[in-house]
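In structure tokens, the structure reads:
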């Protein structure tokens, strides 16, 4: 009985030690990954290859870009000399008509645009004194009829 108790005790110690070591390792990997994201070298964000060319994305730093289902999403931080007004005018020059505006708390403004083929929603918010534009682009249902 005494031998069995020692074996159980050793096994329990190994399980506890192994779990702690695994948790420490996982935490180290997680923190290392975050360090690469925060304040580390800038990573290049690639635009989706099939992003509709009809939609003019504003000049600036692309923060994120991707496609999920049938919608594309691009977030851009505008430079000091760029303005949200210019970004919105770029869409109007591409035959997009503004079909709606909304505001939330004075900090976030959203604009809805459409042409015959696409709907574009541009959300604008200020982050650390710079405008960040979030474009959501989707093909219109029914071909824009």
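Residue numbers (my numbering): 56 to 200.
Here a beta-carbon is modelled for each residue, glycine too, at the ideal position from N, C-alpha and C.
Do residue 133 and residue 177 have their C-beta atoms closer together than 9 angstroms? no
By DSSP's criteria, residue 119 is part of a beta bridge. Which residues make up the other side? 130
Determine whether the beta carbon atoms of residue 110 and residue 149 lie at a separation below 9 angstroms. Closer than 9 angstroms, so yes.
Presumed contact (8 angstroms Cβ cut-off) between residue 192 and residue 166, rounded CB distance: Contact doesn't hold; Cβ gap of about 13 angstroms is too wide.
Beta-carbon within less than 8 angstroms of residue 169's beta-carbon, same chain only, minus the 5 sequence neighbours each way: which residues are those? 151, 152, 154, 175, 195 and 199
In this structure, does DSSP put residue 80 in helix, strand or coil? Only weak support exists for where residue 80 lies, its pLDDT of 30 falling under 50; the value from the coordinates is given anyway. Note: residue 80 maps to helix in three-state DSSP.
Among 112, 182, 101 and 129, whose alpha-carbon lies nearest the alpha-carbon of residue 135? 182
Straight-line gap, residue 156 to residue 140 (C-alpha atoms, nearest Å): 13 angstroms
How big is the Cα-Cα spacing for residue 112 and residue 160? 25 angstroms
Checking the sheet assignment: what are the DSSP bridge partners for residue 157? DSSP lists 165 as the beta-bridge partner residues of residue 157.
Just curious, the alpha helix (DSSP H) that residue 148 is in, first and last residue? Element bounds for residue 148: 139-148.
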